[in-house]
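Chains as they are written, first to last, in the working numbering: chain A, 294 to 721; chain B, 294 to 721. First the structure, in the form of structure tokens, and then the observations on it.
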């Protein structure tokens, strides 16, 4: 059978799919593919996560995930397992959603990727299609993945097995909705590889736009998308710092600059980071020997937590022993993910100064309750713009705390009668 | 009479207006104000420009300007003069549109501003409203203009005379259209000042959005708007350089990254500069002692012309004596303005290498004809994406030139059968 037979097998929904990694990318994808008619096996090393998933329970917050997961399980088309053997061996399409974390010294850690490739190889890759959803340093497919698979199997990419980079660009919290609606970038090693993955995603939504490019083009497209957003967040933060220097409020000025002006879409200042934006630029920049816009943006965003702590220290004096409540620990609003969270960094800095820090995040069960956080705090820092926090102005004002620091400008300064008010980007 | 009486005088259209500076900002503004019912005197030191304007001839290309100018002159409500005395003395509202060029060492040259303030003072400022349309370093109104006017006149800003920063944000080439449609940012020293200028702009279009802020807020809002665009152009250029490093084409990847993706609006790479974008960021950055995103973006954009010349030199060898035709000299497409034009810098670099450079720009009369530029060139560089250039692929291919360098990616590489093709951002 030639590899191109896989195209029809996928188009008809008869192809078996295996998703390696049931994290925030892999699990929603596996569930949506199962609900699109494929038989899907999801593999993860975390036993607790696997059994939770098989019980129909979402292991993290993601809108609509739990309902979709239950549908997938009750249809009999989806199961999770820690044992990769059968799933990988019987699959026609294997999707890798494993992480490529960046270690210190900007070293890309490929150990998870290599381990996943070993698992894939153990089930045989002849006449299979392998798709990578991970964010990869440009050239990873060509220079690392294909040589590894070809070298160990003796097979030829594009002929004996299909391979493509199909980067994930969903927003955490909107994963299910966006898996149906977003265009899909398919960077296959050849046209057969492209066609197989195009059919896979068209089964999710026949109207989905499919954009074809090379594997390296797909790797770069993903990075460009995230860097574009991250640099604009950093620029808003630079504007915030300049506004403070000039005694103005960046939030007000950015609103004035954007209003009705078609060429201005400056984001709001605030803490920017997280497992994608906080590292993707450096993945690319690590091959660049001079300062780039990306590295300058990264330095700026990473300095904001320390800048905020120092702003507070200059206002109130030493932080040692002070009871400081931090509201919000997730890396952005509305989710429960703390990986590379700038709020977690802020908390770490405060602890380093010897402050008594109480953290409350309504999305994270292992944090303190709101009541405890608002029991006699000396300082309250609202570090994440979770929608729940917008209504807390009066409670904070009446908590007896001396200072509230509003990172995202979610409060009206006039709401505070007793507590003094500071806002990131406001120099008055 | 209190200063607030001016509000009604402006609202009714009875106020006399004087516009200092009949450049690309001042002339369209003066003409539109005259056509909105005000009696307007326009002042400029350039005799030739003044007489041209009074004959109803636009001294530069600007869509719809000449027709609007003729209407304004024939209505009797507009005249231009080199003699500031009467215009300034009799005006109720004085608008300054003079330049604030940035000299070497990032020194802001206030000589034109000081000269304009002297002229304004010479006609008396009591019960007048003074509006600044120029791009200003934050704090210029508060720290330079108001102390100067108060110090020399003995009058009080906001009480004896009104003053506001009302930054211009029109696009060159679309000035007339945008003077009617864009929101107006009004940064007055007090509410009376705000109200006077709000009424002035509402007469142009009663539906115009008026956004109020402080003078410094208005100075910053203008800078933020331009910096936002400029940094995004620089980021696209950084993506172009990375794409070349990885043997890919940035134009293709950016299209893939943007298509149907709501969070990605990456601009196309190309030469970025001009009298606003090319300096506004540094105006702000000059008070910043560490590298900023803005200064990194400026360095990157300013390096692109040299980068292009070096790319060509590596391909073809020494440039000394080579006949090189550069198509486009304006700082952007569709206009005849060469101030701080990156194409002019590119031409300067080529001349420095000893190339025989022929420049053609259909918008600039003092450049060579297209026929001459395409007579036996060895290299053709299309440096501006003027719409006229899109059709030239075949003519360039048949000109016998060895290499075409397409800065903006306006041509399809397949259009060139004989001439070898290079594109900025394409590493193959």
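A virtual CB, placed ideally from N, CA and C, is assigned to each residue, including glycine.
Helix or strand or just coil, what does DSSP make of residue i?
i                      : result
residue 312 of chain A : strand
residue 461 of chain B : coil
residue 510 of chain A : helix
residue 319 of chain B : helix
residue 485 of chain A : helix
residue 658 of chain A : coil
residue 567 of chain B : coil
residue 433 of chain B : helix
residue 705 of chain B : coil
residue 396 of chain B : strand
residue 573 of chain B : helix
residue 542 of chain B : strand
residue 719 of chain A : strand
residue 559 of chain A : coil
residue 626 of chain A : coil
residue 523 of chain B : helix
residue 612 of chain B : coil
residue 726 of chain A : For chain A, the structure presents residues 294 to 721; residue 726 of chain A sits outside this window and is missing.
residue 669 of chain A : coil
residue 578 of chain B : helix
From which residue to which residue does the alpha helix (DSSP H) around residue i run?
i                      : result
residue 378 of chain A : 377-383
residue 643 of chain B : 635-645
residue 444 of chain A : 439-446
residue 298 of chain B : 298-304
residue 364 of chain B : 358-367
residue 689 of chain B : 686-690
residue 340 of chain B : 340-347
residue 663 of chain A : 663-666
What first and last residue would you give for the beta strand (DSSP E) that runs through residue i?
i                      : result
residue 714 of chain B : 713-716
residue 452 of chain A : Unbroken run through residue 452 of chain A: none, as it is neither H nor E.
residue 372 of chain A : 371-374
residue 697 of chain B : 696-699
Looking only at DSSP bridge pairs, what is residue i linked to?
i                      : result
residue 619 of chain B : B:652, B:674
residue 332 of chain B : B:309
residue 477 of chain B : B:503
residue 386 of chain B : B:310, B:422
residue 606 of chain B : Looking at the DSSP assignment, residue 606 of chain B forms no beta bridge with any residue, so it has no partner.
residue 401 of chain A : A:395
Compute the minimum distance between the beta carbon of residue i and the heavy atoms of the ligand FMN, and state whether it is under 7 Å.
i                      : result
residue 480 of chain A : In the structure on display, the ligand FMN does not appear, and there are no ligands present to speak of.
Exercise. In chain order, what residues of the segment 620-638 of chain A put their CB closer than 8 Å to some CB of chain B?
Worked result: So nothing in the stretch comes that close.
Problem set entry | Proximal residues, the segment 421-434 of chain A versus chain B, C-beta separation under 8 Å | Those would be 431, 432, in chain order.
Exercise. Is the segment 523-541 of chain A touching the segment 484-499 of chain A, taking contact as three or more C-beta pairs under 8 Å?
Worked result: Too few Cβ pairs lie closer than 8 Å, so no.
For this session: Take every Cβ of the segment 510-526 of chain A, pair it with every Cβ of the segment 440-455 of chain A, and state whether three or more of those distances are shorter than 8 Å.
Result: Touching, no.
Exercise. For the segment 552-566 of chain A, which residues have a beta carbon sitting closer than 9 Å to at least one beta carbon of chain B?
Worked result: The segment 552-566 of chain A vs chain B, Cβ under 9 Å: 552, 553, 554, 555, 556, 557, 558, 559.
Problem set entry | At least three beta-carbon pairs within less than 8 Å, the segment 487-494 of chain B to the segment 549-558 of chain B | At 8 Å Cβ cutoff, the stretches do not touch.
Exercise. Going along the segment 567-594 of chain A in order, which residues come within less than 8 Å of chain B, judged by CB to CB distance?
Worked result: Using a CB distance below 8 Å, the part of the segment 567-594 of chain A facing chain B consists of 577, 580, 581, 584, 585, 586, 587, 589, 590, 593, ordered along the chain.
For this session: Report yes or no: do three or more beta-carbon pairs, one from the segment 310-319 of chain A and one from the segment 329-340 of chain A, lie closer than 8 Å?
Result: Look at the beta carbons and you see the segment 310-319 of chain A touching the segment 329-340 of chain A: at least three pairs across the two are nearer than 8 Å.
For this session: Decide yes or no for the touch test of the segment 556-576 of chain B against the segment 500-511 of chain B: beta carbon pairs closer than 8 Å, at least 3 of them.
Result: Short answer: they don't touch.
Exercise. Between the segment 584-601 of chain A and the segment 580-590 of chain B, do three or more beta carbon pairs fall short of 8 Å?
Worked result: The segment 584-601 of chain A vs the segment 580-590 of chain B: in contact.
For this session: Taking a Cβ distance cut-off of 7 Å, strictly less, list which residues of the segment 472-500 of chain B are near chain A, in chain order.
Result: Those residues of the segment 472-500 of chain B that come within reach of chain A (Cβ to Cβ, closer than 7 Å) are 475, 476, 478.
Problem set entry | Within 9 Å of chain B by C-beta, residues of the segment 687-704 of chain A in sequence order | Within the segment 687-704 of chain A, no residue has a Cβ that lies closer than 9 Å to any Cβ of chain B.
Problem set entry | the segment 469-483 of chain B touching the segment 635-647 of chain B, judged by at least three CB pairs closer than 8 Å | With a cut-off of 8 Å, the segment 635-647 of chain B and the segment 469-483 of chain B do not count as touching, because too few Cβ pairs lie within range.
Exercise. Are the segment 565-583 of chain B and the segment 631-638 of chain B touching, with three or more C-beta to C-beta distances below 8 Å?
Worked result: Yes, since at least three Cβ pairs between the segment 565-583 of chain B and the segment 631-638 of chain B fall closer than 8 Å, the two stretches touch.
For this session: Taking a Cβ distance cut-off of 7 Å, strictly less, list which residues of the segment 517-534 of chain B are near chain A, in chain order.
Result: For the segment 517-534 of chain B, the set of positions with a beta-carbon nearer than 7 Å to some beta-carbon of chain A reads 517, 518, 521, 522, 524, 527, 528, 531, 532 in chain order.
Exercise. Using 8 Å as the threshold, is the segment 297-310 of chain A in touch with the segment 597-616 of chain A, meaning 3 or more CB pairs across them?
Worked result: In this structure the segment 297-310 of chain A does not touch the segment 597-616 of chain A; the number of beta carbon pairs closer than 8 Å is below three.
Exercise. Residues in the segment 436-469 of chain B with C-beta within 7 Å of chain A's C-beta atoms, listed in sequence order?
Worked result: Per Cβ criterion, the list reads 462.
Exercise. Are there three or more Cβ pairs, one per stretch, closer than 8 Å when the segment 426-438 of chain B is compared with the segment 684-702 of chain A?
Worked result: Judged by Cβ distances under 8 Å, the segment 426-438 of chain B makes no contact with the segment 684-702 of chain A, as fewer than three pairs qualify.
For this session: Take every Cβ of the segment 390-399 of chain B, pair it with every Cβ of the segment 411-423 of chain B, and state whether three or more of those distances are shorter than 8 Å.
Result: No, because fewer than three Cβ pairs between the segment 390-399 of chain B and the segment 411-423 of chain B fall closer than 8 Å, the two stretches do not touch.
Exercise. Looking at chain A, which residues of the segment 317-329 of chain B have a Cβ within less than 7 Å of any of its Cβ atoms?
Worked result: Taking 7 Å as the Cβ-Cβ cut-off against chain A, none of the residues of the segment 317-329 of chain B qualify.
Exercise. Counting pairs of Cβ atoms below 8 Å between the segment 572-579 of chain A and the segment 648-664 of chain A, do you hit three or more?
Worked result: Cβ pair count under 8 Å is below three, so no.
Exercise. Is the segment 454-472 of chain A close to the segment 350-359 of chain A, with three or more CB pairs under 8 Å?
Worked result: Short answer: they touch.
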